[in-house]
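Notes to accompany the following structure.
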Amino acid sequence: MFQESVVSKLIKEASIFFDKNRKSAKEEFRKKEVIQDVFSISLTSSEINQLDCLFSKQSPENHNQDVFLHIKNLTSQIKSIQKQHVLLIGEKIYKVRELFKAIGSFETTFTSWIDLVFSTKSSAYNALAYYELFIGLPSKSEQLLLQSIPYKTAYLLASRKGPIEKKIEVMKKINGMPNTSAVFILNQYLPPLREIGSKHVYESDQSVNKAISEKLLDLLHLVCSGTKLSEYNINLMKQLFDNVSSNIFSEKSRELTLSQQSEKSI
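All letters in the sequence shown, in the order written, are residues 1 to 266 by the UniProt record's numbering.
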């Protein structure tokens, strides 16, 4: 009877052990699957334009186009590897922090460990915040969206206080923007704590539009000053006009639809 009890206990413990390892293996596989998806990230329109401007200085022969395309693909892969690198470092820091928590030795020991391993604290905490935001996003598409925005903006977004829904909203607004523009929009919707309540904080589209008006006026003065625009700036202007035209068309279509619905109801 005693032997049966011992055997039963051993079988139960073995079952728990294998279930735990199976779950752990599934979790590791899921993480690897997500990390592999990082390599499918495309260059932003701004990055593509900068490369096109670089290529435009070269001879426009047919065989060169294949070379340029290959360079674009390699550039995309390099950027993806860089982002995967940050993600993996953040994951390891996260695990170390959890281990320190588990043994009841957290704040000072974890900080000392950071000082020992990293040349600067900011790089470690940036990677940690980035990873925590990444795993906190509800779907793979939003994780890929985070991977697609510029580094500095992503680090700032990860470190800002705010609900995950607000951060997703900001990511959608800044998707495809260069870093300077992305940080500007981020600061309007999720400002640093020290700026909350200051005149630089914008919480509505109306106040953001006011800020855009001021910048457009400055831009208009510069363009009208007679300065010869570079190829890169001309491309940026084209992007601006295309986006504005698209927004105007969408707004007109919406107004027309509402007008037609109103007439039908009458």
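Just so it is clear, CB atoms sit at the ideal spot from N, CA and C, and this is done for glycine as well.
Sixteen is the threshold: when 16 or more other Cβ atoms of the shown chains lie within 10 Å of the Cβ of P150, as they do, the residue is buried. In the three-state DSSP reduction, R97 falls in the helix class (H, G or I).
In the structure shown, the three-state DSSP call for N233 is helix.
Of all C-beta pairs linking the segment 101 to 120 to the segment 76 to 88, fewer than three are shorter than 8 Å, placing the two stretches out of contact. Ranking K140, I78, Q188 by CA distance to the CA of I212 puts Q188 first. Here T44 is buried. Its C-beta has 16 or more other C-beta atoms within 10 Å. The beta carbons of T153 and I174 sit closer together than 8 Å. Contact between the segment 50 to 59 and the segment 100 to 115 is absent, with fewer than three C-beta pairs closer than 8 Å. By the C-beta density criterion, M177 is buried, having at least 16 other C-beta atoms within 10 angstroms.
In this structure, the alpha-carbon of N64 lies about 10 Å from that of H70. Under the three-state reduction of DSSP, L43 is assigned to coil, being neither helix nor strand. The alpha-carbon of N233 is positioned some 21 Å away from that of F68. Within the model, the alpha-carbon separation for C53 versus E132 is close to 36 Å.
Boundaries of the alpha helix (DSSP H) around Q143: 140 to 148. Put simply, the backbone Cα of L87 is about 36 Å away from that of S230. Put simply, the backbone Cα of V223 is about 14 Å away from that of N235.
A distance of 8 Å or more separates the beta carbons of A129 and I89.
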